[in-house]
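Structure record follows, encoded as structure tokens.
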Amino acid sequence: MSTVTASPEATRRAWLLTEIRTRGGVWTAHRAATALHRSPWPSTGRNTARKDLRALAARGALAARDDLELRRRSYTPKSLLPHRRCPKCRATFEACNCRGAV
Ligand SMILES: [Zn+2]
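The sequence shown begins at 12 in the numbering used here and counts up one residue at a time.
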């Protein structure tokens with residue numbers, strides 16, 4: 012079956028990405044699910060939110076970080092500007108481990 016409209020999944024992920032870029036900061040599956048409760052898809056669960064974050068990261072829209080202490084994965088929106096670098100270590104933001112900390 013083919014269709015010219017975006018799938019519900021793609022539409023939801025686009026909504027979520029806009030939300031993430033608008034609000035910024037660190038996004039966990041919990042935060043994404045909470046945001047989706049205010050979306051046209053309020054019944055979205057945390058597992059679906061986690062898959063959406065993973066899919067957005069896979070296409071390069073988000074950067075993933077594993078927090079080993081909290082044992083969870085979190086995501087931050089990648090800059091829309093290409094080749095931005097950390098002002099401290101000069102690594103790309105995707106590669107930076109210092110997070111700009113002094
Ligand atoms: Zn850095």
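C-beta: ideal position from N, C-alpha, C; glycine also.
N-terminal and C-terminal residue of the alpha helix (DSSP H) that residue i is part of
i, result
"R61", "57–69"
"R42", "40–47"
Three-way DSSP call (helix, strand, coil) for residue i in this model
i, result
"T103", "strand"
"R96", "strand"
"S50", "coil"
"T87", "strand"
First through last residue of the beta strand (DSSP E) which encompasses residue i
i, result
"T33", "Note, T33: premise wrong, no beta strand (DSSP E); alpha helix (DSSP H) at 19–34."
"A75", "73–78"
Residue nearest to residue i in terms of C-alpha spacing, selected from the options
i, options, result
"V37", "D78, P98, A66", "D78"
"P51", "C100, L67, R23", "R23"
"C97", "G111, S85, T87, K89", "G111"
"R84", "T103, A102, N58", "N58"
Buried/exposed call for residue i, threshold 16 Cβ in 10 Å
i, result
"P19", "exposed"
"P88", "buried"
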